[in-house]
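Numbering (our numbering), first residue to last: 145 to 1083. Ideal Cβ placement from N, Cα and C applies to all residues, glycine included. Note that the structure is predicted; figures quoted are calculated from it, not measured.
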């Protein structure tokens, strides 16, 4: 192998880096300072400016140091001053006062220790009083709650309406939320509550409108710069409880003074500006041109071109995040860089010499004409794609580069980036707290600082020019951004760099063809559709890379969160850069053995640590325990139970509320095959994790309850099953199944037709009675889903389904069902063959006679241990071990204290996932044992 060349000469100009970082840090800190301390900050900024002026005028041997200190002080003073001035609107005017009310004393409560009690206020609107500090006090309603004040506001829309996806809340999915950013210019009391002498207040207050689901359609059509009037409730800001922990409350909003809930449709006062109307027309034309394409391309192309992800499939968005390709579905600086490169060319060969290529070079345009066209193109790009943080960073960087071109100066990357960051942070201080802006700046810095060095090192190793450039740039950007991304989501992706390399070949063609379709859409829909068809090929390639990459084992690997995880990742990246010689552009080291062994150690140990095969995980953590029969996954507020069939194979009962948690639990257990996935009922906390169970696993069949409620979740389950070509069967009372030699179960509920007094989704849950372990001493387990007392009482009355006689023919399967192949067992489940000797169980737990439920060894307590239990059934089951699946601090109070104490009174040992994490049952009936695995989320 040839020797590495001498170190790449470092011609990077770092002089503006310190001022930019100083402005960023000072701004981020000042944004958190309470408004009461702003006068002191301004005085401090004035003092800092005075000191800086003194340092500049001083004479002596250390003038260079004085000038550097003066520059830092001036930048810090400017950053503090501009931040205080920009955030002043967040704290003045009526809306901030109403959003942060000072509660007035409750009825009968004296204002102060020595003051007399006030008489009760008459019924009517909440009384408002001046507390003396500029805030408004709201009287409490009769039940002690602060009334939400209503106001009528005139506002200007400042951003596109944003639809926030639904998430699992208890047994259902929460409704999607629509928010709209606006600037309020006038406030007055709402109609019907005007006070005597009340007048409208002129203000400039940034707010966020929270739109109700039923009104969302009217608000989604709004365009930035539209002026409107609306009556709205002012929602009070929830205070952060310092003693409740980091996750107890979200950080207070820093860019919005109040959250308003409109009480009706908006009344348009003025139409949007001409540029915004043209931008909206172009965006709409691109969407229309994509209507005939496949769902992936139809949703991805507008996202790639203008950041419109309203039609992007949820699973595709998850795949892009898993493979570190998320920057492609949110407009980034790369889009603008591609467009400007077409106009002015890429990076010049000699950065010290001003020049331009691209179309400008071909057409022979002057520097100033090229800069003027580039400026217009940049402003149009920002208007169409919206001023998101990464777009602003790219626009500012591009404009500074165009200014250098117009004045005949060379284009230098890092000073241009630092200057853009410095200007943007001073103009818009809120960018200092934006992760999007931070990631955009870090990615660009990585490309400028490490990219050239790593590219040169790879080329010295005889890598092809284009491949070396792609790998060096991608790895440098990932190295700079990864320590920040783990703060957003504690995970890393081993496929991020390969997927970015594979995606790079398609990004430029897709972007240019997409912008072409955008530009011609107002003129010819046919031409726009033709260009969209051409763009479908590279866009489809991007979707395929994301989907296939997300299916790989290393796509999403857990990593410690918080600052510790970020610092740990920095250490790992530095160690890799030191251990791998191709990443170093310096001279060849004479001591190669340590690096060779370091490379071998990293190549072997890092994948093992990150992929965590079950064998390695068991050695390191003791989980999963050897010989486990049943596992209850700690997936939050939901249910997911795993019944072992054989190594690598298990029957799964429910999937919990989160696909990632479900997938992680099965990965840790080493489950790659699922003969049957049983979904007890269609509530979100039992079925929303189903994509995680399906991910990368063979699933033989999905068994569901007879009830179709709720219809929305049922439709999602059927769609997921159809996408993976997994058959769906309905469970019926009396069916018996086996999987492997040591797992059998029978369905004991629901009945068909359903019992009249036991209706609803919970009471339609599939309840099974299973036997685990060796036939000589099996563990008897009852899984009751979310059954409530009416269904539990009916189940106790009915007892076990009758056992078919050996000579009795099995009834035919229901119409539309097919036998289910049990992967890895060589058996076929037709759903009707009697393979369990129920008489043995009855003899063991109650003797001959009518079939009864009898005692069980393990009980999965119904409905997360709620207070709604039928204690006659509990007394009949008399479990030795009671398992409860519930989330930490759930708002439902699960499990109910009376349920826990009642089970203990029956002699059961109660084990809860919110206390111990994952739970495993092992052994057999005489030697029943339980083990647990506490996850990091529990602290």
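- Taking 4 residues as the minimum length, the alpha helix (DSSP H) runs contained wholly in the segment 1027 to 1068 are 1041 to 1049, 1057 to 1060, in order along the chain.
- In the three-state reduction of the DSSP assignment, residue 300 falls in the strand class.
- With a cut-off of 8 Å on Cβ pairs, the segment 617 to 632 is not in contact with the segment 179 to 191, counting fewer than three such pairs.
- Taken atom to atom, the span from the alpha-carbon of residue 665 to that of residue 672 is near 5 Å.
- As DSSP reads the structure, residue 333 sits in a beta bridge with 295.
- Contact annotation, residue 370 with residue 416: C-beta distance approximately 5 Å; criterion of less than 8 Å satisfied.
- Under DSSP, residue 847 shares a beta bridge with 822, 873.
- 540 is the residue among 540, 568, 573 whose C-alpha sits nearest the C-alpha of residue 557.
- As the crow flies, the alpha-carbon of residue 917 is around 8 Å from that of residue 1067.
- Excluding five sequence positions before and after residue 567, the CB atoms of its chain that fall closer than 7 Å to its own CB belong to 540, given in chain order.
- For residue 308, the pairing in a beta bridge is given by DSSP as 321.
- In the DSSP annotation of this structure, the continuous segment of the alpha helix (DSSP H) that includes residue 804 starts and ends at 803 to 813.
- When rounded, the separation of the alpha-carbon atoms in residue 698 and residue 637 is 6 Å.
- At a Cβ-Cβ threshold of 8 Å, residue 233 and residue 348 count as neighbours.
- Excluding its 5 nearest sequence neighbours in each direction, residue 679 has C-beta neighbours in its own chain below 7 Å: 445, 654, 657, 658, 661, listed in chain order.
- Looking from the CA of residue 584, the closest CA among 525, 923, 477, 412 belongs to 477.
- In the structure shown, residue 834 falls within a helical segment according to DSSP collapsed to helix, strand and coil.
- Distances from the alpha-carbon of residue 488 to those of 533, 479, 472, 518 put 518 closest.
- In this chain, residue 776 is not harboured by any alpha helix (DSSP H); it is covered by the beta strand (DSSP E) spanning 772 to 776.
- Contact between the segment 921 to 940 and the segment 998 to 1011 is present: 3 or more CB-CB pairs across the two stretches fall below 8 Å.
- Under the three-state reduction of DSSP output, residue 174 falls in the helix class.
- When secondary structure is reduced to three states using DSSP, residue 467 falls in the coil class, being assigned neither helix nor strand.
- Residue range 609 to 632 is occupied by the alpha helix (DSSP H) that includes residue 629.
- Distance from residue 785 to residue 797 at the Cβ level is roughly 4 Å; contact confirmed, criterion being Cβ atoms closer than 8 Å.
- Each residue's CA atom was taken as its position, placing residue 1022 and residue 937 some 15 Å apart.
- In the three-state reduction of the DSSP assignment, residue 379 falls in the strand class.
- Between the alpha carbons of residue 461 and residue 323 lies a gap of roughly 20 Å.
- Straight across, the Cα-Cα distance linking residue 1036 with residue 1030 is about 10 Å.
- Nearest to residue 174 by C-alpha distance, out of 202, 163, 231, 161, is 231.
- Linking residue 681 to residue 919 through their CA atoms gives a straight-line distance of about 57 Å.
- With respect to residue 368, residue 420 sits close: the two C-beta atoms are nearer than 8 Å.
- In this structure residue 227 is buried. Its beta-carbon is surrounded by 16 or more other beta-carbon atoms within 10 angstroms.
- Between the alpha carbons of residue 523 and residue 160 lies a distance of about 25 Å.
- Residue 207 and residue 570 have their C-alpha atoms spaced approximately 27 Å apart.
- For the pair residue 1019 and residue 1050, the CB atoms are nearer than the 8 Å cut-off.
- Annotation for residue 933: the continuous alpha helix (DSSP H) segment containing it runs 933 to 942.
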